[in-house]
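Notes follow the structure.
Numbering (my numbering), first residue to last: 10 to 539.
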């Protein structure tokens with residue numbers, strides 16, 4: 010089957026090998042599958058909706074390494090997708106071409122040295138050199154009493170586990186033209202503890218400042234739209250718009266970022282101008298130390314970040330958010346004056362608009378080109394009645410709002426559902442997160458019923474026992490005091506009153522009880538990224 014694959018494809022693997030519970034049957038099945046070459050099967054024809062790429066199934070987890078080797082022998086990659094439980098395969102040169110474009114176009118990476126597998130010991134030599142310089146700089150902060158001994162200990166890298174960061178790329182398979190996102194493995198890196206320390210100091214200030222304009226997940230957008238609709242702002246001509254900022258974490262120069270960070274802290278820190286005993290100038294210089302020491306390995310080459318910082322480093326999203334904070338202020342002011350919605354999760358924006366589409370395009374372009382400092386590569390999507398943001402689909406006919414859960418059309422329901430903000434490794438809590446999202450995002454009861462059915466099918470496809478979903482659903486309804494709501498997925502009793510109560514109970518658990526004051530602001534009340 011592998012030799013028949015000639016184009017980019019999506020691949021799913023059952024999360025649990027339920028058939029492997031019986032060793033005798035497992036051995037018999039393995040022999041039969043080996044004889045008939047059915048380790049990998051094309052299941053595209055099983056899909057009832059249109060797919061953007063062929064979909065294949067690896068029947069057992071234990072076949073993964075075999076399929077990986079067979080694909081590699083044909084110059085193909087097999088990698089886990091970005092924000093999904095599914096995998097993606099394409100020609101190696103297709104992936105490498107996109108990666109090379111990223112490395113070149115962002116101007117974020119300065120080549121520091123090249124090495125080969127046989128002389129990789131040079132990386133250890135340079136890591137030791139970089140580490141000595143970093144420790145010396147931290148020691149100077151301590152000697153000059155700009156930081157305490159306790160703070161110095163928190164920032165100092167763990168010498169026994171120290172290693173260079175590595176750069177890798179994950180494919181975003183939600184669209185036909187797959188984009189490879191840069192990621193980094195930085196758990197034991199030189200600056201990981203400094204990054205964690207600085208995030209703890211700066212992020213709470215950012216959260217307090219941007220509480221009204223931050224989305225964490227699609228459900229926050231639904232919450233804002235429900236208020237917007239209740240205040241009679243939704244019209245038949247209302248436009249929904251999304252903006253995606255490309256390469257946000259790797260486009261800003263370090264000097265720009267330090268200038269904006271210092272400005273932000275002076276504007277939003279109390280009169281003492283200290284954070285946990287640190288002066289603003291010390292905090293900014295520590296961030297400079299972090300940015301100046303971002304070394305990362307990719308393909309037997311050692312690079313230094315000269316723009317942005319590694320995506321998975323704890324401080325990176327905070328800095329990117331502060332950079333965006335100044336870009337978005339004029340847009341937020343305009344939308345607030347018009348009583349519209351604005352919300353952002355790192356590099357993804359949602360907004361509403363009640364003027365012409367041309368006027369919105371012009372406003373965004375004017376803001377983006379007003380200053381070279383903030384010029385960003387944007388992808389805008391504007392629609393008058395249907396749009397997808399994060400994991401929710403939103404539409405309206407006239408003044409009636411409808412929201413549902415959005416899925417990857419190619420891999421759903423064969424891959425486990427991906428929920429924003431939920432770690433993919435925490436599968437045991439995934440079902441509850443899926444049910445929470447379903448209730449928060451589905452404005453109509455019948456859509457909630459359908460989503461529950463999709464969730465059940467997905468978990469059963471992935472090897473979970475058929476009792477797993479009903480048990481989880483019963484516990485979920487009990488926790489939110491709606492035990493009497495019964496969902497027979499074959500013959501549902503549509504009790505919309507109980508469903509409305511379920512949603513209210515969940516919203517109150519997250520956002521608190523409703524207030525008596527009606528407000529029309531730019532949008533919701535939760536926080537940020539990764």
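C-beta: ideal position from N, C-alpha, C; glycine also.
Quick caveat: nothing in here was measured; it's all calculated off a predicted structure.
With burial defined as no fewer than 16 other Cβ atoms inside 10 Å of the residue's Cβ, what is the status of residue i: buried or exposed?
{"i": "residue 226", "result": "buried"}
{"i": "residue 509", "result": "exposed"}
{"i": "residue 371", "result": "exposed"}
{"i": "residue 386", "result": "exposed"}
{"i": "residue 131", "result": "exposed"}
{"i": "residue 526", "result": "Any answer about residue 526 is weak, because its pLDDT of 37 lies below 50 and its placement is not dependable; what the coordinates show is given next. By the 10 Å Cβ count, residue 526 comes out exposed."}
{"i": "residue 261", "result": "buried"}
{"i": "residue 10", "result": "exposed"}
{"i": "residue 82", "result": "exposed"}
{"i": "residue 421", "result": "buried"}
{"i": "residue 475", "result": "exposed"}
{"i": "residue 5", "result": "With the chain represented from 10 up to 539, any question about residue 5 goes unanswered, as that position is not in the structure."}
{"i": "residue 213", "result": "exposed"}
{"i": "residue 521", "result": "exposed"}
{"i": "residue 134", "result": "exposed"}
{"i": "residue 506", "result": "exposed"}
With DSSP collapsed to three states, give me the class of residue i.
{"i": "residue 174", "result": "strand"}
{"i": "residue 70", "result": "helix"}
{"i": "residue 222", "result": "helix"}
{"i": "residue 92", "result": "coil"}
{"i": "residue 407", "result": "coil"}
{"i": "residue 320", "result": "coil"}
{"i": "residue 389", "result": "strand"}
{"i": "residue 424", "result": "coil"}
{"i": "residue 462", "result": "helix"}
{"i": "residue 477", "result": "helix"}
{"i": "residue 118", "result": "strand"}
{"i": "residue 207", "result": "helix"}
{"i": "residue 275", "result": "helix"}
{"i": "residue 65", "result": "strand"}
{"i": "residue 32", "result": "Legend: pLDDT at residue 32 = 46, less than 50; position of this residue unreliable, value from coordinates given subsequently. In the structure shown, residue 32 sits in a helix (DSSP, three-state: H, G or I)."}
{"i": "residue 180", "result": "strand"}
I'd like the list of long-range same chain contacts for residue i, defined as Cβ closer than 6 Å, with 5 residues on each side in sequence excluded.
{"i": "residue 408", "result": "243"}
{"i": "residue 8", "result": "In the structure displayed, the chain extends from 10 to 539; residue 8 sits before or after that span and is not available."}
{"i": "residue 298", "result": "146"}
{"i": "residue 602", "result": "Outside the shown range of the chain (10 to 539) lies residue 602, about which nothing can therefore be said."}
{"i": "residue 307", "result": "176"}
{"i": "residue 64", "result": "19, 52, 53, 419"}
From the options, pick the residue whose C-alpha is nearest to that of residue i; which is it?
{"i": "residue 70", "options": "104, 468, 23", "result": "23"}
{"i": "residue 223", "options": "388, 352, 506", "result": "352"}
{"i": "residue 20", "options": "11, 95, 73, 406", "result": "95"}
{"i": "residue 394", "options": "516, 511, 246, 491", "result": "246"}
{"i": "residue 542", "options": "423, 218, 491", "result": "Past the boundaries of the shown model lies residue 542; the chain is included only from 10 to 539, so the question cannot be answered."}
{"i": "residue 237", "options": "314, 465, 360", "result": "360"}
{"i": "residue 198", "options": "125, 308, 211, 318", "result": "318"}
{"i": "residue 484", "options": "442, 379, 406, 101", "result": "442"}
{"i": "residue 26", "options": "295, 469, 286, 458", "result": "469"}
{"i": "residue 142", "options": "76, 160, 200", "result": "200"}
{"i": "residue 218", "options": "335, 514, 75, 263", "result": "335"}
{"i": "residue 277", "options": "267, 216, 263", "result": "216"}
{"i": "residue 103", "options": "74, 17, 156", "result": "17"}
{"i": "residue 398", "options": "264, 355, 346", "result": "355"}
{"i": "residue 158", "options": "107, 366, 287", "result": "287"}
{"i": "residue 241", "options": "268, 430, 348", "result": "348"}
{"i": "residue 364", "options": "295, 343, 436, 378", "result": "343"}
{"i": "residue 295", "options": "156, 68, 435, 514", "result": "156"}
Looking only at its own chain, which residues have a Cβ that is under 7 Å from the Cβ of residue i, when we skip the five neighbours before and after it?
{"i": "residue 390", "result": "250, 251, 396"}
{"i": "residue 369", "result": "248, 250, 362, 391"}
{"i": "residue 208", "result": "323, 324, 327"}
{"i": "residue 33", "result": "In this prediction, residue 33 scores a pLDDT of 49, lower than 50, which makes its location untrustworthy; no coordinate-derived value is stated."}
{"i": "residue 320", "result": "191, 192, 193, 258"}
{"i": "residue 562", "result": "Within the shown structure, residues of the chain are numbered from 10 to 539, placing residue 562 beyond reach of any answer."}
{"i": "residue 6", "result": "Past the edges of the chain, shown from 10 to 539, lies residue 6, and the structure says nothing about it."}
{"i": "residue 79", "result": "11"}
{"i": "residue 75", "result": "48"}
{"i": "residue 107", "result": "189"}
Here's a check: name, in chain order, each residue in its chain whose Cβ is nearer than 8 Å to the Cβ of residue i, leaving out the five neighbours to either side.
{"i": "residue 8", "result": "No answer is possible for residue 8: it lies beyond the span of the chain, which begins at 10 and ends at 539."}
{"i": "residue 45", "result": "Note that residue 45 has pLDDT 43, beneath the 50 cutoff, so the model's placement of it is unreliable and the number below is only indicative. Within the same chain, residue 45 has no close Cβ partners at all."}
{"i": "residue 125", "result": "309"}
Quick one: does the C-beta of residue i sit closer than 7 Å to a heavy atom of the ligand FAD?
{"i": "residue 171", "result": "This structure does not include the ligand FAD; it has no bound ligands of any sort."}
inquiry  = I want to know whether the stretch 91 to 100 touches the stretch 176 to 185 - three or more CB-CB distances under 8 Å.
reply    = yes
Contact between the stretch 296 to 309 and the stretch 131 to 150 (3+ Cβ pairs under 8 Å) = yes
query = Is the stretch 329 to 347 touching the stretch 269 to 277 in the sense that three or more CB pairs, one from each, lie closer than 8 Å?
reply = yes
ask   = Below 8 Å, can you find three or more Cβ-Cβ pairs linking the stretch 100 to 115 to the stretch 185 to 193?
value = yes
request  = Check whether the stretch 286 to 299 touches the stretch 147 to 165, taking contact to mean three or more Cβ pairs, one atom from each stretch, closer than 8 Å.
outcome  = yes
query = Should the stretch 445 to 463 be called in touch with the stretch 413 to 431, which here means at least 3 C-beta pairs below 8 Å?
reply = yes
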